[in-house]
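Report on the following structure.
Number of protein chains: 2
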Amino acid sequence: MGATHHDCLVIECSRGAAVESAHMVDAALVDASGQVVEAWGDIERFVYPRSAVKSIQVLPFFESGAADETGATETEIALACSSHNGQDAQVAAVRRWLENTGLKEQQLECGGHLPYHTETAHECVRRGEAGLAIHNMCSGKHSAFLVTAKILGEETKDYIAREHPVQQRVSAAIGEMTGWDISRSPWAVDGCSIPTIGLPLHALARGAANIADPSAQSSERQAAIARIRAAIAAEPFMIAGDGRACSDIIPALAGKAYIKFGAEGVFFAPILELGLGLALKVRDGATRAADTAIASLLAYLGLLDSTAQKNLAAYIETPLCNWRGIHVGTVRAVLEP
Amino acid sequence: MGATHHDCLVIECSRGAAVESAHMVDAALVDASGQVVEAWGDIERFVYPRSAVKSIQVLPFFESGAADETGATETEIALACSSHNGQDAQVAAVRRWLENTGLKEQQLECGGHLPYHTETAHECVRRGEAGLAIHNMCSGKHSAFLVTAKILGEETKDYIAREHPVQQRVSAAIGEMTGWDISRSPWAVDGCSIPTIGLPLHALARGAANIADPSAQSSERQAAIARIRAAIAAEPFMIAGDGRACSDIIPALAGKAYIKFGAEGVFFAPILELGLGLALKVRDGATRAADTAIASLLAYLGLLDSTAQKNLAAYIETPLCNWRGIHVGTVRAVLEP
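Structure follows, in structure tokens:
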């Protein structure tokens, strides 16, 4: 059966009666063997997955024994897969996790910034606090890296380096799950200082498919994937936070799929119900387009019922409002049903 | 002599050895009669000029007699043409201007927001202050609207409405300067609630050309244009503020041109030295691409000497740094000299 190939998905930002700006999006829907089921635009294009592959990057945390040894909770597993807002409950949970495993937040090497969540950032400013590494959107993932290194008796310092065993295991897992020979990949440094490995978009989608349909994986990896899927379903707030696409859309999917955002307009979505993987990249990197594109593609794939679509209206047809709250335009996908 | 037509200008955002995201930019260089001199991409495409045409929108402030009647200073004229950061000196100057003309900041109808300048916004947060209309990037332009209505004895309330004589004069000036029949235009509501009128990109560039070469304009309009050009040259900080392309690039141009940003990736640039107008629009609306595109096109046109190019390196080849300050990539234009 041949794959359906569409033109690139276009996200239009209208103002009044005219389109003011537009974003081009490539997307691939792929099965666990790498077979393309449906494609939009150019799926051979290399993308840096950035934080979109956190649920692959966390696999060594389980396979090293670190998760079991430390009794990792669903909250901690979800945080390890998150790009969180730095909201109070998220920061407190990361702090507790580090304390309980005998680590210090000063050991985090992700770099500091004010919480992504505006109100929480303003609370820090009011208290005269600087942005810390624990507020970094990636502090949960970095905590899992630190815990793994510690449990394995590895040097924790410089765990972000490409040569460090922590990152060696992470990049091996990315290669295995995507079926892509990462020695052919461009490498770069991510926002949180770990390596990010360029892959064709279809390979990224295959990584998601191998989470949705892990039947070809080892039983140990299948067990890890089951725990990751359960934690993300149970703790969607921890994945991102208030006002963020991942946290709003995951509950609406009711277990049929999950999604994970990555910087520069990437989404990674294991479509659990179909045993397929979806990945997308906005060519210009805009978050507004990525959010609308993922919500629209999930609706297109029949994964959002009418109630869910109504609840997610702000993502599917995002109203643009000005400083007086006047509705001046709309962000929407051009996508035939 | 035929115009040079190029493909659309591409702004590449690299990370490591690979391009991660890219932006497409249309641009037009036009003379005062509307003749196209050089073009990149599709210059027939309609764009909303947004704040890029503030130095046209301010013309009625002079032609109504309001500027002379109130003894408008260069600071006030620059603020009328600005999208300012809401920095202390800018807000104080707008406040003084309104007080001196017997107006209240509560009469501003642009809507409130925290200052665009992060440190100033944090100062407001520390003091427990909300974002006010006076902090709005457009409060200078709105002050000129209010002063004009007051001097002409018009109702000041609802001066933002399309039917109000203030906006009628502004849209007439846009039609005259661009040579475009605005009855054929899509209209929309801007971020600051006044109308924004869609124009083909070449018409927007012609508006800039008629500032650079005002010889076809009435002597009254020529006088207004001379004062606007002088104020922008004298007060570049007031046009935008610290860390902003307009304020950093205008002084480097040493009177050869000025530039004005508009939301969704627009620039408007009267090239005074050549008597031409340049306008550009990033198709996806990204500011990072607009800043790099305008700096690169000004360098391409020979308007930035080697010292100026060195001083503006952060716009021409913008380093992308991560949360630890590691240089991870670069934003640059793909533009043959």
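Going line by line, the protein sequences match chains E and V. Position 110 (the first sequence) corresponds to 1475 in our numbering; numbering is contiguous. Position 54 (the second sequence) corresponds to 1419 in our numbering; numbering is contiguous. All C-beta atoms, glycine included, are put in the ideal place defined by N, C-alpha and C.
My understanding is that E:C1703 touches E:S1504, with C-beta atoms under 8 Å, so please give their C-beta distance in whole angstroms. With chain E covering 1366 to 1702 only, the question about residue 1703 of chain E has no answer from this structure.
What residue range is occupied by the uninterrupted alpha helix (DSSP H) comprising E:E1585? Counting along the chain, E:E1585 sits inside the alpha helix (DSSP H) bounded by residues 1584-1599.
Give the residues from the stretch 1376-1393 of chain E that approach chain V closer than 7 Å (Cβ to any Cβ), ordered along the chain. Listed by position along the chain: C1378, R1380, G1381, A1382, A1383, E1385, S1386, A1387, H1388.
What are the start and end residues of each continuous alpha helix (DSSP H) run of 4 or more residues lying completely inside the stretch 1603-1643 of chain E, in chain order? With a minimum length of 4 residues, the continuous alpha helix (DSSP H) runs that stay inside the stretch 1603-1643 of chain E are 1610-1617.
Drop a sphere of 10 angstroms on the beta-carbon of E:H1500, count the other beta-carbons inside from all chains shown, and report buried for 16 or more, exposed for fewer. Label assigned to E:H1500: buried.
Would you list, in chain order, the members of the stretch 1398-1420 of chain E that have their beta-carbon closer than 8 Å to a beta-carbon of chain V? So the list reads F1411, V1412, Y1413, given in the order they occur along the chain.
Suppose the cutoff is 6 Å on Cβ atoms and the five residues either side in sequence are ignored; what does the same chain contact list for E:E1439 look like? Result list for E:E1439: A1596, A1599, E1600, in chain order.
Determine, using beta carbons only, whether V:V1384 and V:A1658 come nearer to each other than 8 Å. Cβ atoms of V:V1384 and V:A1658: not closer than 8 Å.
Just the chain V side, please: which residues come within less than 8 Å of E:N1687 by C-beta, in chain order? Ordered by position in chain V, the residues that pass the 8 Å Cβ test against E:N1687 are G1476, V1554, D1555, G1556, C1557, S1558.
Count the other CB atoms, across all protein chains shown, that sit within 10 Å of the CB of E:A1660; report buried if there are 16 or more and exposed otherwise. By the 10 Å Cβ count, E:A1660 comes out buried.
Name the DSSP beta bridge partners of V:P1560, please? For V:P1560, which the question treats as bridged, DSSP gives the partners V:V1554.
So what does E:T1652 bridge to, in DSSP terms? Paired residues: none, contrary to the question.
Using C-beta distances below 7 Å, list every residue in its chain close to E:P1377, excluding the 5 sequence neighbours before and after it, in chain order. Per the sequence shown, the amino acid found at residue 1377 of chain E is Glu instead of Pro. Cβ neighbours of E:E1377 beyond the five flanking positions: V1384, A1387, R1697, V1699.
Spatial neighbours of E:T1695 within its chain, please: CB distance less than 7 Å, with the 5 preceding and 5 following residues excluded, ordered by chain position. Close CB contacts of E:T1695 within its chain, under the 7 Å cut and outside five residues either way in sequence, are with S1379, E1682, T1683, P1684, L1685 (chain order).
Reduced DSSP category for V:L1374 - H, G, I as helix; E, B as strand; rest coil: V:L1374 falls in the strand class under three-state DSSP.
To be precise: take each residue of the stretch 1648-1672 of chain V, compare its Cβ to all Cβ atoms of chain E, and keep it if any distance is under 7 Å. Which residues remain? Flagged, chain order: R1648, D1649, G1650, A1651.
Sequence-distant residues of its chain with Cβ nearer than 7 Å to E:D1555 (five each side left out): Non-local C-beta neighbours of E:D1555 in its own chain, meaning closer than 7 Å and more than five positions away in sequence, comprise R1415, T1561, ordered along the chain.
According to DSSP, is V:P1530 helix, strand or coil? The three-state secondary structure of V:P1530, taken from DSSP, is helix.
Would V:A1768 be called buried (16 or more neighbouring beta carbons within 10 Å of its own) or exposed? The displayed coordinates of chain V run from 1366 to 1702. Any statement about residue 1768 of chain V would go beyond what the structure contains.
Can you tell which of V:V1395, V:G1406, V:G1627, V:G1399 has its C-alpha closest to the C-alpha of V:D1372? Taking only the C-alpha atoms, the option nearest V:D1372 is V:G1406.
Between which two residues does the beta strand (DSSP E) carrying E:P1684 extend? Run containing E:P1684: 1682-1686, per the beta strand (DSSP E) assignment.
Grab the span of the beta strand (DSSP E) containing E:A1393 for me, first residue to last. Segment 1383-1396, the beta strand (DSSP E) holding E:A1393.
CB contact check: E:P1565 to chain V, cutoff 8 Å: Output row for E:P1565: interface = no.
Would you kindly check if the distance between the Cβ of V:A1417 and the Cβ of V:F1633 is under 8 Å? Yes, Cβ-Cβ distance for V:F1633 and V:A1417 is below 8 Å.
Could you tell me whether the Cβ of V:N1501 comes closer than 8 Å to any Cβ of chain E? Chain E contact via Cβ: present.
Does E:G1694 come out as helix, strand or coil in the three-state DSSP assignment? Note: E:G1694 maps to strand in three-state DSSP.
Does the count of Cβ pairs from the stretch 1571-1579 of chain E and the stretch 1632-1647 of chain E closer than 8 Å reach three? Counting Cβ pairs under 8 Å, three or more are found: they touch.
So, for V:I1691: in the same chain, excluding its five sequence neighbours on each side, which residues have a beta-carbon less than 8 Å away from its beta-carbon? Answer for V:I1691: no residue qualifies.
Which residue wins for smallest C-alpha separation from V:Y1623, given the options V:I1539, V:C1446, V:Y1413? Among V:I1539, V:C1446, V:Y1413, the Cα nearest to that of V:Y1623 belongs to V:C1446.
What residue ranges within the stretch 1405-1475 of chain V form continuous alpha helix (DSSP H) runs of no fewer than 4 residues, ordered along the chain? 1419-1422, 1424-1428, 1431-1434, 1439-1445, 1453-1465, all fully within the stretch 1405-1475 of chain V.
Looking at the secondary structure, which residues open and close the alpha helix (DSSP H) in which E:S1504 lies? Unbroken alpha helix (DSSP H) run through E:S1504: 1504-1516.
Counted within 10 angstroms of its Cβ, other Cβ atoms place E:T1672 as buried (16 or more) or exposed: The residue is exposed, with fewer than 16 neighbouring Cβ atoms inside 10 Å.
Evaluate V:D1433 with the Cβ neighbour count: other Cβ atoms within 10 Å of its Cβ, from every protein chain shown; 16 or more gives buried, anything less gives exposed. With a threshold of 16 other beta carbon atoms within 10 Å, V:D1433 falls short and is exposed.
E:E1541 by DSSP, collapsed to three states: which one? Three-state result, E:E1541: helix.
Whole-angstrom distance between E:E1464 and E:W1688, CA atom to CA atom: E:W1688 and E:E1464 have their C-alpha atoms spaced approximately 43 Å apart.
Per-residue DSSP class, three states only, for E:P1565: In this structure, E:P1565 counts as strand in the three-state DSSP scheme.
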